[in-house]
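Below is one structure, written out as C-alpha cells; the observations come after it.
Number of protein chains: 2
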Amino acid sequence: MDTFNTDICSKPAAKFKALGHPVRFWIAQQLMKSEHCVHEFVELTQLDFSTISNHLSALKAADILSTEKRGKEIYYRLICPCTRTFIACVNGKLEKDKG
Amino acid sequence: MDTFNTDICSKPAAKFKALGHPVRFWIAQQLMKSEHCVHEFVELTQLDFSTISNHLSALKAADILSTEKRGKEIYYRLICPCTRTFIACVNGKLEKDKG
DNA sequence: TTGATGTTTGGCAATATAACAAAATGAATT
DNA sequence: AATTCATTTTGTTATATTGCCAAACATCAA
Numbered sequence: 000m001d002t003f004n005t006d007i008c009s010k011p012a013a014k015f016k017a018l019g020h021p022v023r024f025w026i027a028q029q030l031m032k033s034e035h036c037v038h039e040f041v042e043l044t045q046l047d048f049s050t051i052s053n054h055l056s057a058l059k060a061a062d063i064l065s066t067e068k069r070g071k072e073i074y075y076r077l078i079c080p081c082t083r084t085f086i087a088c089v090n091g092k093l094e095k096d097k098g
Numbered sequence: 000m001d002t003f004n005t006d007i008c009s010k011p012a013a014k015f016k017a018l019g020h021p022v023r024f025w026i027a028q029q030l031m032k033s034e035h036c037v038h039e040f041v042e043l044t045q046l047d048f049s050t051i052s053n054h055l056s057a058l059k060a061a062d063i064l065s066t067e068k069r070g071k072e073i074y075y076r077l078i079c080p081c082t083r084t085f086i087a088c089v090n091g092k093l094e095k096d097k098g
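Okay, here's the thing in C-alpha cells:
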C-alpha cells in the first residue's frame, strides 16, 4: 500500500468530482454519442445559459471535455474514451440492480 | 439527445461523487491491488478511525465496495472491475500530461 | 471480562455549491 | 463600424454539504 498523499490524489479525484453532479453526468452521457453545443443542453434542461456554461467549464477544467469552435458555435466533446466505458459500465450495473 | 431527468442521473452521478474525494480515491486505488481492512487505511492516512469508516461507508453506499468479515477484521474490496479500468486510465492520462 | 476492530452519532466550522441575472467577450455578419 | 449571436465571466445569495474529530456503541474472540 502507498502512503496517502493529498497532492497526488487530488487531481484524479477532481475528475470524478466533476462527473459527480446529475447535470454534468447527463452532459457527459449525451456526449458519448456525439458532440454538442451549449444551447442544445440549455434547451433540454431548462437551466440558464450561464449555469450550463459553468458546468461545461467544470468538466473542461477537469480535462474531461475538449472544445472546438466551428462557425458561431462551440462544440464540446469527450476527451477520453475510458470515460465512455466507465459511464456505460456504471449504467449497466444500475440496470442489473433494477431487475 | 435525451431530455435531462434528475431522477435518472442522480444515482450514477453519486458513484462519481463518491470517488471525488482524495481520500476515497486513494482508498479505491489501494483496493485495485488487493483487499484491505479499516485499520490499514487509518495507519497510512493518520486520520481518525471514524473518518475512514465514514469514507468507506460512502463508497459502499455508492456500490463501489463490498465487504466480507473474516475473523476480527472486515475486508473491503472493489466490486466492479470497470472502476479499476477507469482509475488506471485517469492515472495514465495524468502521467502523460506531466511529460 | 477484556481487548481488538469497526460503526454510528453529534456537532461544528469551513467550505463549497448551484443557480440566476446582468455585464462582458469575441467572432462573424451586415 | 455597428450589430448580432453564442457563450463566458462576474457578482451575489442562499443553501447545503462536507470533512473531521471525539465519544459512545456494537460485535466478536480469547
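Chains as they are written, first to last, in numbering that gives the first Met the number 0: chain A, 0 to 98; chain B, 0 to 98.
Ideal placement from N, C-alpha and C gives every residue a C-beta, glycine not left out.
Tell me the rounded alpha-carbon separation between M31/A and L55/A.
For the purposes of this step, residue 31/A is identified with residue 32 of the first sequence, where counting begins at 1. For the purposes of this step, residue 55/A is identified with residue 56 of the first sequence, where counting begins at 1. Approximately 15 Å, taken between the alpha carbons.
Runs of alpha helix (DSSP H) wholly within the region 8 to 91 of chain B (minimum 4 residues, chain order)
21 to 32, 37 to 44 and 48 to 60
In its own chain, which residues sit with a C-beta less than 6 Å from the C-beta of G98/A, not counting the 5 before and 5 after it?
Numbered from 1 along the first sequence, position 99 holds the residue referred to as residue 98/A. Summary for G98/A: the model assigns pLDDT 33, below 50, so the residue's position carries little reliability; its value from the coordinates is reported in the next sentence. Closer than 6 Å at the Cβ level, and outside the excluded window around G98/A, lies no residue.
CB-CB length for H35/B against Q28/B, believed under 8 Å:
Numbered from its first residue, the second sequence carries residue 35/B at position 36. Numbered from its first residue, the second sequence carries residue 28/B at position 29. With a Cβ gap of about 11 Å, H35/B and Q28/B do not count as contacting.
Neighbour flag for M31/B against chain A, beta carbons, 7 Å:
Here the question's residue 31/B lines up with position 32 in the second sequence. It does not; no Cβ of chain A falls within 7 Å.
Taking 7 Å as the cut-off, decide whether the C-beta atoms of V89/B and P11/A are in contact.
The residue labelled residue 89/B in the question sits at position 90 within the second sequence. The residue labelled residue 11/A in the question sits at position 12 within the first sequence. Yes. Within cutoff.
When you compare each of E42/B, C8/B and R23/B to I86/B by their alpha carbons, which one comes out closest?
Position 87 of the second sequence, counting from 1, holds the residue named residue 86/B. Here the closest residue by C-alpha is R23/B.
In whole angstroms, what is the alpha-carbon distance linking L58/B and A13/A?
Here the question's residue 58/B lines up with position 59 in the second sequence. Here the question's residue 13/A lines up with position 14 in the first sequence. Distance between the alpha carbons of L58/B and A13/A: 16 Å.
Nearest to E39/A by alpha carbon, out of G91/A, T2/A, M0/A and E72/A?
Along the first sequence, one-based indexing puts residue 39/A at 40. It is E72/A whose Cα lies nearest to the Cα of E39/A.
Is any beta-carbon of chain B found at less than 7 Å from that of H54/A?
For the purposes of this step, residue 54/A is identified with residue 55 of the first sequence, where counting begins at 1. No, H54/A does not count as interfacial toward chain B.
By Cβ distance, which residues of its chain are closer than 6 Å to T66/B, with the 5 residues on each side in sequence left out?
For the purposes of this step, residue 66/B is identified with residue 67 of the second sequence, where counting begins at 1. Only I73 and Y75 meet the Cβ criterion.
For T5/A, name the three-state secondary structure that DSSP assigns.
Here residue 5/A refers to the residue found at position 6 of the first sequence. Of the three classes helix, strand and coil, the one that applies to T5/A here is helix, per DSSP.
Apart from the five residues just before and just after W25/B, which ones in its own chain have a Cβ nearer than 6 Å to its Cβ?
Here the question's residue 25/B lines up with position 26 in the second sequence. For W25/B, where only same-chain residues beyond five positions count, there are no Cβ hits under 6 Å.
Euclidean distance between Cα positions of G91/B and K68/A
Translated into the one-based positions of the second sequence, residue 91/B becomes position 92. Translated into the one-based positions of the first sequence, residue 68/A becomes position 69. The alpha-carbon atoms of G91/B and K68/A are separated by roughly 28 Å.
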